[in-house]
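Peer 1: Protein chains in written order, with this note's numbering: chain A, 125 to 498; chain B, 125 to 498. Below are the structure tokens for one structure; questions will follow.
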């Protein structure tokens, strides 16, 4: 992997030190070009090119599936991560007294759909973090035979703690509970293998570690649940025979037997092609290569600051390191004026290291943080 | 209105005769440029520019609201029309034995969410068209005191029949039923005024008569329903205090008191700005001017073919005229090879006339249809 060559392909890196993929990533030039080409074609040809669009959509679906070791039948495109999580909240046939397990570290989108279930009599158990970590023993204690669902982010947005989904899935299976994960802060930085992890559902979107556009999310549902689980939202994309617009007023319908039944209607085709282009680049480089580099760089952040709020154990983190700070908003604002991009989250400075970052980027950041101190 | 000047602003018209806005419209150059500029900025700056993005979002929301005479508090952005319709299916507190009224002319997305309600014991009444029209007296007969919702497309996708929402809303009010409309085949071609029409909800998207991108939809909910109706899907955009990411694991939450509570998470900001640009152009020209021109041109189609399946009454149509034909797919395919764009729908050739079309466009089409005959 030739880092400087890769950096040349990312226009933003000419003008900024970008350590903020946990917020929004920069684009590869190829990703940008792909999306622009689509928009131009529509502007110039202006026709409803459904066949090539659907072909592109299916190619993107296959690229997503390969990237997470799923079947393309198990992937549905959605607007964002939130839609996938809410879908899970709706498709489980909850009974009063059922419980679900989540944690106190989750981003609002991975809390709101579950707390909303309390209206249906579902008990929400929130595993409390211990110094920023969710302990397997605490998760185990929270799961019992009333538990229908465990939903935990793969990597926590605030402090970057990565949970062991494989071990958690074993606990779930013992109690016949489903396991759902918001994987947005992991996918693209560290490998995701739905088979190995044993998860039932995931939700994510493309604009963070995958370096794709905002407005494209995707949802995984394990094949064995497809038949029993009915989509909360239905549209023309849900139909088996979805290319046939000549059935107005339809009463009896046949839904797709794939995850496409969870899709609704028109999509941002222009943007979905951009995601595919990014995935191609990631696959070319290799996810293991990317993971090693991401973890080496996040280790470098931990080693070079004195207040990391992120586990130093490589198994318990991905690309996020949170540096505790009394005034994170102020520092982040000052750094931004120097074109060093990081975010303020949870009483600290959240630093994201992607595989194309360098130790110099981190040195510049540390210099900026230390300069602010003085 | 100088038509040739306007046509110069739409790149596609250099190479095709576009009579297909009921499928997918061409773009104004300005709309394309707006979206490209956003993507470029993100590629170059690569930062999470939440403040300017949200400002752009709110400006777009206001532009949408002005365009339909709503308040911006009554508008939620969604992926597509389908999401809005499904939202309505979920937010009404159905009781077993309740009924809803729709028609046999609807596009699948405006049938599936309702037929799905049959699982909850809701009775779906499908008003049957009479020679392509839905008669007010038939709609009146279908509504009774069990009726909670009437959902009819403003303009039907197949034959272009436009219903009188104002009169239907009066019938609804007599029985305390809500009125929902899929307005995608009307908005942009003919005026929509939610106050005058008295509708409770509408769903639509931007890529047909509004000449915006695929992947941007929006939903209207009348202000008086905002408090009682709870969103089926919740995300960080649903929160009153949605710019604050520092509340992990939140239990007690305060939702927005506007329609924003129906939004979920990340959006395609790149595309939403494109919609706004289109709306600016439409508003500049004026919706009444546009309507007159659209209706004059669709009249010209009716007058110049011998098998229009669309009412000739100007009050009962918008920009769609369907020409009955024994082999619509074949003709549409042959026309496409001549760069004349129309669609095959419901045993006919669906012709869409927008305000920038000309009588010459229609002459070319008729020539093409007649040539195929021979």
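All residues carry an ideal CB built from backbone N, CA and C; glycine is no exception. What you are looking at is a predicted structure, and each value in this text was computed from that prediction instead of being measured.
Residue 489 of chain B and residue 466 of chain B - do their beta-carbons sit closer together than 8 Å?
Peer 2: By 1-based counting over the second chain, the position of residue 466 of chain B is 342. By 1-based counting over the second chain, the position of residue 489 of chain B is 365. Their beta carbons are under 8 Å apart, which means residue 466 of chain B touches residue 489 of chain B by this criterion.
Peer 1: Can you list, in chain order, the residues of its chain with a C-beta nearer than 8 Å to that of residue 418 of chain B? Leave out the 5 residues immediately preceding and following it.
Peer 2: Reading the second chain from its first residue, position 294 is the one you call residue 418 of chain B. Cβ within range, chain order: 313, 314, 442, 443, 477, 478 and 479.
Peer 1: Return the CA-CA distance between residue 367 of chain A and residue 127 of chain A, expressed in angstroms with no decimal places.
Peer 2: Taking the first chain and counting its residues from 1, one reaches residue 367 of chain A at position 243. Taking the first chain and counting its residues from 1, one reaches residue 127 of chain A at position 3. Answer to the nearest angstrom: the Cα atoms are 44 Å apart.
Peer 1: Pair every Cβ in the region 396-411 of chain A with every Cβ in the region 146-163 of chain A, then say whether three or more of these pairs are closer than 8 Å.
Peer 2: The region 396-411 of chain A, when compared against the region 146-163 of chain A, does touch it at the 8 Å Cβ threshold.
Peer 1: Would you say residue 377 of chain B reaches chain A, if we count a Cβ-Cβ gap shorter than 8 Å as a contact?
Peer 2: As a position in the second chain, residue 377 of chain B is number 253, starting the count at 1. Taking Cβ atoms only, chain A reaches closer than 8 Å to residue 377 of chain B, which makes this a yes.
Peer 1: Would a check of beta-carbon distances place residue 219 of chain A closer than 8 Å to chain B?
Peer 2: Counted from its first residue, the first chain places residue 219 of chain A at position 95. Residue 219 of chain A does not count as touching chain B.
Peer 1: Under a three-way DSSP split, which group does residue 263 of chain B fall into?
Peer 2: The residue you call residue 263 of chain B lines up with position 139 of the second chain. Note: residue 263 of chain B maps to helix in three-state DSSP.
Peer 1: Could you tell me whether the Cβ atoms of residue 305 of chain A and residue 338 of chain A are closer together than 8 Å?
Peer 2: Taking the first chain and counting its residues from 1, one reaches residue 305 of chain A at position 181. Taking the first chain and counting its residues from 1, one reaches residue 338 of chain A at position 214. Not in contact: residue 305 of chain A and residue 338 of chain A (Cβ atoms no closer than 8 Å).
Peer 1: Enumerate, from N- to C-terminal direction, the unbroken beta strand (DSSP E) stretches of 3 or more residues contained entirely within the region 222-300 of chain A.
Peer 2: Counting only runs of 3 or more, we get 223-227, 247-251 and 271-275.
Peer 1: What do you reckon, are the CB atoms on residue 428 of chain B and residue 357 of chain A nearer than 8 Å?
Peer 2: Counting from 1 along the second chain, the entry for residue 428 of chain B is found at position 304. Counting from 1 along the first chain, the entry for residue 357 of chain A is found at position 233. No, Cβ-Cβ distance for residue 428 of chain B and residue 357 of chain A is not below 8 Å.
Peer 1: Are there three or more Cβ pairs, one per stretch, closer than 8 Å when the region 198-207 of chain A is compared with the region 321-334 of chain A?
Peer 2: Yes, the region 198-207 of chain A touches the region 321-334 of chain A.
Peer 1: Taking residue 487 of chain A as part of the beta strand (DSSP E), name the residues at either end of that continuous run.
Peer 2: Indexing the first chain from 1 puts residue 487 of chain A at position 363. Counting along the chain, residue 487 of chain A falls outside any beta strand (DSSP E), though it belongs to the alpha helix (DSSP H) covering 483-497.
Peer 1: Strictly under 8 Å for the Cβ-Cβ distance: is residue 501 of chain A near chain B by that measure?
Peer 2: In the structure displayed, chain A extends from 125 to 498; residue 501 of chain A sits before or after that span and is not available.
Peer 1: Can you pull the chain A neighbours of residue 469 of chain B, defined as C-beta to C-beta under 7 Å?
Peer 2: Numbered from 1 along the second chain, position 345 holds the residue referred to as residue 469 of chain B. Ordered by position in chain A, the residues that pass the 7 Å Cβ test against residue 469 of chain B are 369 and 370.
Peer 1: Any residues in the region 180-209 of chain B with a beta carbon nearer than 9 Å to a beta carbon of chain A? Which ones, in chain order?
Peer 2: Cβ contacts with chain A come from 202, 203, 204, 205, 206, 207 and 209.
Peer 1: Run down chain B in chain order and give the residues with a C-beta less than 8 Å from the C-beta of residue 395 of chain A.
Peer 2: Within the first chain, residue 395 of chain A is the residue found at index 271, counting from 1. Chain B residues near residue 395 of chain A: 339, 392, 394 and 395.
Peer 1: With a threshold of 8 Å between beta carbons, is residue 359 of chain A in contact with chain B?
Peer 2: Translated into positions along the first chain, residue 359 of chain A becomes position 235. It does; some Cβ of chain B falls within 8 Å.
Peer 1: Kindly indicate the opening and closing residues of the alpha helix (DSSP H) around residue 406 of chain A.
Peer 2: For the purposes of this step, residue 406 of chain A is taken as residue 282 along the first chain, with counting starting at 1. Note, residue 406 of chain A: alpha helix (DSSP H), 393-409.
Peer 1: Indicate whether at least one CB of chain B lies closer than 8 Å to the CB of residue 151 of chain A.
Peer 2: Here residue 151 of chain A corresponds to residue number 27 of the first chain, with the count starting at 1. Closer than 8 Å: yes.
Peer 1: Measuring straight from C-alpha to C-alpha, what distance separates residue 392 of chain B and residue 162 of chain B?
Peer 2: Taking the second chain and counting its residues from 1, one reaches residue 392 of chain B at position 268. Taking the second chain and counting its residues from 1, one reaches residue 162 of chain B at position 38. For residue 392 of chain B and residue 162 of chain B, the distance between alpha carbons rounds to 10 Å.
Peer 1: Using a Cβ cut-off of 9 Å, which residues of the region 130-142 of chain A contact any Cβ in chain B, in chain order?
Peer 2: Listed by position, the residues of the region 130-142 of chain A near chain B (Cβ gap below 9 Å) are 134, 135, 136, 137, 138, 139, 140 and 142.
Peer 1: Here's the rule: buried if 16 or more other CB atoms are within 10 angstroms of the residue's CB, otherwise exposed. What is residue 362 of chain B?
Peer 2: In the second chain, counting from the first residue as 1, residue 362 of chain B sits at position 238. Classification of residue 362 of chain B: buried, given that the 10 Å Cβ count is 16 or more.
Peer 1: Out of A/293, A/292, A/470 and A/324, which one is the CA nearest neighbour of residue 216 of chain A?
Peer 2: On the first chain, residue 216 of chain A is found 92 positions in, with the first residue counted as 1. Cα-wise, what sits closest to residue 216 of chain A is A/324.
Peer 1: Would you mind working out which of A/286, A/273 and A/222 sits nearest residue 434 of chain A, comparing C-alpha positions?
Peer 2: If you number the first chain from 1, residue 434 of chain A lands on position 310. The shortest C-alpha separation from residue 434 of chain A is found at A/286.
Peer 1: Out of A/446, A/452, A/333 and A/282, point me to the one whose CA is closest to residue 148 of chain A's CA.
Peer 2: Along the first chain, one-based indexing puts residue 148 of chain A at 24. For residue 148 of chain A, the nearest C-alpha among the options comes from A/333.
Peer 1: Along chain B, in chain order, which residues have C-beta atoms closer than 8 Å to that of residue 169 of chain A?
Peer 2: The residue given as residue 169 of chain A occupies position 45 in the first chain. Within 8 Å Cβ-Cβ: 136, 139 and 140.
Peer 1: Suppose you measure from the CA of residue 448 of chain A to the CA of residue 438 of chain A; what does that come to, to the nearest Å?
Peer 2: What you label residue 448 of chain A is simply residue 324 of the first chain in a count that begins at 1. What you label residue 438 of chain A is simply residue 314 of the first chain in a count that begins at 1. Roughly 19 Å between the two C-alpha positions.
Peer 1: Looking at chain A, is there any beta carbon in it that lies within less than 8 Å of the beta carbon of residue 329 of chain B?
Peer 2: For this step, residue 329 of chain B is matched to residue 205 along the second chain. Yes, contact with chain A.
Peer 1: For chain B, is any of its Cβ atoms less than 8 Å away from the one on residue 422 of chain A?
Peer 2: Translated into positions along the first chain, residue 422 of chain A becomes position 298. No, residue 422 of chain A lies away from the interface with chain B (no Cβ there is under 8 Å from its Cβ).
Peer 1: Can you tell me where the beta strand (DSSP E) with residue 448 of chain A in it begins and where it stops?
Peer 2: For this step, residue 448 of chain A is matched to residue 324 along the first chain. Element bounds for residue 448 of chain A: 444-448.
Peer 1: Can you tell me whether DSSP reads residue 330 of chain B as helix, strand or coil?
Peer 2: As a working mapping, residue 330 of chain B is identified with position 206 in the second chain. Coil at residue 330 of chain B, not helix or strand.
Peer 1: Quick check on the burial criterion: 16 or more other C-beta atoms within 10 angstroms. Buried or exposed for residue 245 of chain B?
Peer 2: For the purposes of this step, residue 245 of chain B is taken as residue 121 along the second chain, with counting starting at 1. Residue 245 of chain B comes out exposed.
Peer 1: Ordered along the chain, which non-local residues of its own chain (more than five positions away) have a Cβ less than 6 Å from that of residue 296 of chain B?
Peer 2: Walking along the second chain from the start, residue 296 of chain B turns up at place 172. Correct list, in chain order: 274 and 303.
Peer 1: Determine the contact status of residue 459 of chain B and residue 188 of chain B, defining contact as a CB-CB distance below 8 Å.
Peer 2: Against the second chain, residue 459 of chain B aligns to sequence position 335. Against the second chain, residue 188 of chain B aligns to sequence position 64. Taking 8 Å as the Cβ cut-off, residue 459 of chain B and residue 188 of chain B do not qualify as a contacting pair.
Peer 1: Can you list the beta strand (DSSP E) stretches of 3 or more residues lying completely in the region 136-186 of chain A, in chain order?
Peer 2: DSSP runs (the beta strand (DSSP E)) wholly in the region 136-186 of chain A: none.
Peer 1: Which residues in chain B have a C-beta closer than 7 Å to the C-beta of residue 240 of chain A? List them in chain order.
Peer 2: By 1-based counting over the first chain, the position of residue 240 of chain A is 116. Those within 7 Å of residue 240 of chain A in chain B are 358.
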